[in-house]
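Asker: So for the sequence shown, the working numbering puts the first residue at 3; every next one is plus one. Ideal placement from N, C-alpha and C gives every residue a C-beta, glycine not left out.
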Amino acid sequence: MISRSALSRGSQLALRSHGAAKTAQRGFAAAASEKASYEPTNIAGVKVAARDDHGPTTRLAVIAKAGTRYQPLPGLTVGLEEFAFKNTEKRSALRITRESELLGGQLSAYHTREALVLQANFLREDLPYFAELLAEVVSKTKYTTHEFHEEVEDLIHLKQAKVDAAAIALDAAHSVAFHSGLGAPLYPSPETPISSYLNEHAVASFAQAAYTKANIAVVADGASEAGLSKWIETFFKGVPSTSEAQIAQVASKYHGGEARIAKQGTNSVVIAFPGASLGTTKPEIAVLAGLLGGESGIKWSPGFSLLSKITAAAPGASAHATNVAYSDAGLFTIQITGTASSVAKVAQETVKALKSIVEGSVPQEDVVKAIAKARFNLLSGSETSGTGLVHAGANLISGGQPVQVAQRLKELEAVTGDKLKAAAKELLAGKASVASVGDLHVLPFAEDLGLKV
3 MISRSALSRG SQLALRSHGA AKTAQRGFAA AASEKASYEP TNIAGVKVAA
53 RDDHGPTTRL AVIAKAGTRY QPLPGLTVGL EEFAFKNTEK RSALRITRES
103 ELLGGQLSAY HTREALVLQA NFLREDLPYF AELLAEVVSK TKYTTHEFHE
153 EVEDLIHLKQ AKVDAAAIAL DAAHSVAFHS GLGAPLYPSP ETPISSYLNE
203 HAVASFAQAA YTKANIAVVA DGASEAGLSK WIETFFKGVP STSEAQIAQV
253 ASKYHGGEAR IAKQGTNSVV IAFPGASLGT TKPEIAVLAG LLGGESGIKW
303 SPGFSLLSKI TAAAPGASAH ATNVAYSDAG LFTIQITGTA SSVAKVAQET
353 VKALKSIVEG SVPQEDVVKA IAKARFNLLS GSETSGTGLV HAGANLISGG
403 QPVQVAQRLK ELEAVTGDKL KAAAKELLAG KASVASVGDL HVLPFAEDLG
453 LKV
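Below, the structure written as structure tokens:
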């Protein structure tokens, strides 16, 4: 291998020019961002968003307005989730499993605070089968007593048992931030008496209200517009347009406050502030999340982010900042998890880090890195984690439009250090939502951190 010192000055200049040319080619990212956006349409009364990169596989999902925010009783969202891909009027659960495996498909059901997601990943040519299957799950699932008691109920109890300190803290932060609606826990805690509310009849009634054309969106990644139009119109015509049972919709209101929950084992603290919703443009919030960060993208380096530097000096603790976006609200969260003493130390240093941003002591180079991180998160979210697919559907069912990625990229690139300072100052000046779970003798109060609640 030729060492760099062995290269002539002319060669080094040529290499630099080549690197500059590659940097100039970032225009390709703008072209790629056009493909990253989902294009909305309406097919036979069903809200649809799609994009097509002409690859060999497809992701198809039904996004229903049936997240925990909309459940009238505790446990109904997770109950509806567990009934997905069970027996329908046309097929048994066993047949669904065997047919999907023969086609090499993957089926999944999961939920957020706002949406229930029924998703199928499959080879592109199998779109007709999986479009029919998803329509069948939505409109023809049998909510049988034996399946509820033998399968659904047990799975719910297993998920309740897996709720850890980090999940409890995040739920508690949402609770003090929003009270009801978005404040409902993602999964009912083991102490929640769900048997008083949850049975197959209650789940069926919730499904009747949620699975209507008014409350669902179909999102496709890797499907042609002609194919979607043909098969959605064919198979989703049996989905009712409306239902006598209605999904309750109450606008979110931010309150702020503090919750402290004693628990043995791992400790977790969440410091949260009002964030950016799906429909609002607050690029500085995304950049602020990148600047605070928490996890290095390079495994042999602690990384540039403020939280990664803080946790490097506090063994036994991890921290991560993110903006959780909803249709009419957002929650900017900083979650710290680990031993009680380490969590307490990191919590103190985290507030100091926010104040340092307000004071303008963050190097400009780190701001540039944070913007790059925010751009990467925006583009990669829909490609790898599927967040873009869920957000596109969530926007549609709430009456909005999918995010236009090219526009969001321009907004991120326009963020300056002064805008970050103003955003951090606004967070610290308002009411925080703080949740502490674990050894309360050690974990600090919000007042100890210098936060208003």
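Quick one: measure Cβ to Cβ for A225 and L62, integer angstroms, because I've assumed they're closer than 8 Å.
Answerer: Taking the sequence shown and counting its residues from 1, one reaches residue 225 at position 223. Taking the sequence shown and counting its residues from 1, one reaches residue 62 at position 60. 7 Å between Cβ atoms; contact.
Asker: Span of the alpha helix (DSSP H) holding L82?
Answerer: Stepping through the sequence shown from its first residue, residue 82 is reached at position 80. Per DSSP, L82 belongs to the alpha helix (DSSP H) from L78 to E84.
Asker: Are the beta-carbon atoms of L294 and L309 separated by less than 9 Å?
Answerer: Along the sequence shown, one-based indexing puts residue 294 at 292. Along the sequence shown, one-based indexing puts residue 309 at 307. Yes, the pair counts as a contact, with Cβ atoms nearer than the cut-off.
Asker: Note down the Cα distance separating E260 from A168, rounded to an integer number of angstroms.
Answerer: As a working note, residue 260 is residue 258 in the sequence shown. As a working note, residue 168 is residue 166 in the sequence shown. Answer to the nearest angstrom: the Cα atoms are 16 Å apart.
Asker: If you run the structure through DSSP and keep just helix, strand and coil, what is K421?
Answerer: Here the question's residue 421 lines up with position 419 in the sequence shown. In the structure shown, K421 sits in a helix (DSSP, three-state: H, G or I).
Asker: Can you find the residues in the same chain that come closer than 6 Å, C-beta to C-beta, to I218, ignoring five residues on each side of it along the sequence?
Answerer: Taking the first residue of the sequence shown as position 1, residue 218 is located at position 216. Within the same chain, I218 has close Cβ partners V64 and A66.
Asker: Distance, Cα to Cα, V407 vs E83?
Answerer: Taking the first residue of the sequence shown as 1, we reach residue 407 at position 405. Taking the first residue of the sequence shown as 1, we reach residue 83 at position 81. Their Cα atoms are separated by approximately 30 Å.
Asker: How long is the line joining the alpha carbons of V165 and P187, rounded to whole angstroms?
Answerer: Position 163 of the sequence shown, counted from the start, is the residue given in the question as residue 165. Position 185 of the sequence shown, counted from the start, is the residue given in the question as residue 187. One C-alpha to the other measures close to 10 Å.
Asker: Can you check the segment 100-132 for any beta strand (DSSP E) of at least 3 residues that lies completely inside it and give the ranges in chain order?
Answerer: Qualifying beta strand (DSSP E) stretches, in chain order: 108-113 and 118-125.
Asker: Going along the chain, which unbroken runs of the alpha helix (DSSP H) with 4 or more residues stay wholly within the segment 186-232?
Answerer: If we require 4 residues or more, the alpha helix (DSSP H) runs fully inside the segment 186-232 come out as 202-212.
Asker: Can you find the residues in the same chain that come closer than 6 Å, C-beta to C-beta, to A291, ignoring five residues on each side of it along the sequence?
Answerer: As a working note, residue 291 is residue 289 in the sequence shown. Counting only Cβ-Cβ distances below 6 Å, and skipping sequence neighbours, we find A323, T324 and N325.
Asker: Taking all protein chains shown into account, decide if F150 is buried (16 or more other Cβ within 10 angstroms of its Cβ) or exposed.
Answerer: One-based indexing of the sequence shown puts residue 150 at position 148. Answer is buried; the Cβ neighbour count reaches 16.
Asker: Threshold first: 3 residues or longer. Then list the beta strand (DSSP E) segments lying entirely within the segment 265-310, N to C.
Answerer: Runs found: 269-276.
Asker: Which of the three DSSP states, helix, strand or coil, is assigned to L414?
Answerer: By one-based count along the sequence shown, residue 414 stands at place 412. Residue state, collapsed to three classes: helix.
Asker: Quick check: F180 and K255, are their CB atoms within less than 9 Å of each other?
Answerer: Taking the first residue of the sequence shown as position 1, residue 180 is located at position 178. Taking the first residue of the sequence shown as position 1, residue 255 is located at position 253. Cβ atoms of F180 and K255: closer than 9 Å.
Asker: In three-state terms, what does DSSP make of G258?
Answerer: Here residue 258 refers to the residue found at position 256 of the sequence shown. Reduced to three states, the DSSP call for G258 is coil.
Asker: Is the Cβ of S39 closer than 9 Å to any Cβ of chain B?
Answerer: This model lacks chain B altogether; it includes just one protein chain.
Asker: In whole angstroms, give me the CA-to-CA distance for L109 and T341.
Answerer: Locating residue 109 in the sequence shown gives position 107, where the first residue counts as 1. Locating residue 341 in the sequence shown gives position 339, where the first residue counts as 1. Between L109 and T341, the C-alpha separation is close to 37 Å.
Asker: If we call anything under 9 Å between Cβ atoms a contact, is S329 one with N379?
Answerer: Numbered from its first residue, the sequence shown carries residue 329 at position 327. Numbered from its first residue, the sequence shown carries residue 379 at position 377. Cβ atoms of S329 and N379: not closer than 9 Å.
Asker: Alpha carbon to alpha carbon, how far is S177 from S435? Give it in angstroms, no decimals.
Answerer: Translated into the one-based positions of the sequence shown, residue 435 becomes position 433. Translated into the one-based positions of the sequence shown, residue 177 becomes position 175. Spanning the two alpha carbons is a distance of roughly 9 Å.
Asker: Using three-state DSSP, classify R71 as helix, strand or coil.
Answerer: If you number the sequence shown from 1, residue 71 lands on position 69. R71: coil per DSSP, three-state reduction.
Asker: Pick out whichever of Y199, A216 and R93 has its Cα sitting closest to the Cα of Q248.
Answerer: For the purposes of this step, residue 248 is identified with residue 246 of the sequence shown, where counting begins at 1. For the residues Y199, A216 and R93, the minimum Cα distance to Q248 belongs to A216.
Asker: Less than 8 Å between the CB atoms is what I'm expecting for T339 and A175, so what's the real figure, rounded?
Answerer: Counting from 1 along the sequence shown, the entry for residue 339 is found at position 337. Counting from 1 along the sequence shown, the entry for residue 175 is found at position 173. About 13 Å; that fails the 8 Å criterion.
Asker: Between the Cα of A316 and those of S303, L280 and A346, spot the shortest distance and give me the residue it belongs to.
Answerer: By one-based count along the sequence shown, residue 316 stands at place 314. Closest option to A316, Cα to Cα, is A346.
Asker: Within this structure, are the beta carbons of R115 and R71 separated by less than 9 Å?
Answerer: Here residue 115 refers to the residue found at position 113 of the sequence shown. Here residue 71 refers to the residue found at position 69 of the sequence shown. A contact, by the Cβ cut-off of 9 Å.
Asker: Considering only C-alpha positions, which residue in the set A222, I98, K88 and G107 is nearest to H56?
Answerer: Taking the sequence shown and counting its residues from 1, one reaches residue 56 at position 54. Measuring from the Cα of H56, the nearest candidate turns out to be A222.
Asker: Any idea what DSSP makes of L442, helix, strand or coil?
Answerer: Working through the sequence shown from its first residue, we reach residue 442 at position 440. Reduced to three states, the DSSP call for L442 is coil.
Asker: Within 10 angstroms of the Cβ of Q251, are there 16 or more other Cβ atoms? Answer buried if so, exposed if not.
Answerer: Counted from its first residue, the sequence shown places residue 251 at position 249. It is exposed - the Cβ of Q251 has fewer than 16 other Cβ atoms within 10 Å.
Asker: Tell me the DSSP secondary structure of G21 in three-state form.
Answerer: Residue numbering aside, residue 21 sits at position 19 when the sequence shown is read from its first letter. In this predicted model, G21 has a pLDDT of only 45, less than 50, meaning its place in the structure is not dependable; the value taken from the coordinates is given anyway. In this structure, G21 counts as helix in the three-state DSSP scheme.
Asker: Taking C-beta to C-beta, are L230 and A372 nearer than 9 Å?
Answerer: Counted from its first residue, the sequence shown places residue 230 at position 228. Counted from its first residue, the sequence shown places residue 372 at position 370. No. Outside cutoff.
Asker: Among F208, V348 and D420, which has the Cα closest to the Cα of P365?
Answerer: Along the sequence shown, read from residue 1 onward, the residue named residue 365 stands at position 363. For P365, the nearest C-alpha among the options comes from D420.
Asker: Could you tell me which of A86, S438 and T99 sits nearest to V119, measuring between CA atoms?
Answerer: Start at 1 with the first residue of the sequence shown, and residue 119 comes out as number 117. The shortest Cα separation from V119 among A86, S438 and T99 belongs to A86.
Asker: With contact counted as at least three CB pairs below 8 Å, one residue from each stretch, are the segment 432-452 and the segment 399-415 in contact?
Answerer: With the cut-off at 8 Å, the segment 432-452 and the segment 399-415 do not touch.
Asker: With DSSP run on the structure shown, which of helix, strand or coil describes I249?
Answerer: In the sequence shown, residue 249 corresponds to position 247, counting from 1. Correct three-state label for I249: coil.
Asker: Please go through the same chain and pick out, in chain order, the residues whose beta-carbon is closer than 8 Å to the beta-carbon of L453, but skip the five residues on each side of it.
Answerer: Locating residue 453 in the sequence shown gives position 451, where the first residue counts as 1. The answer, listed in chain order, is I273, V353, L430, A434 and V436.
Asker: I need the DSSP call for T60, collapsed to helix, strand or coil.
Answerer: By one-based count along the sequence shown, residue 60 stands at place 58. Correct three-state label for T60: strand.
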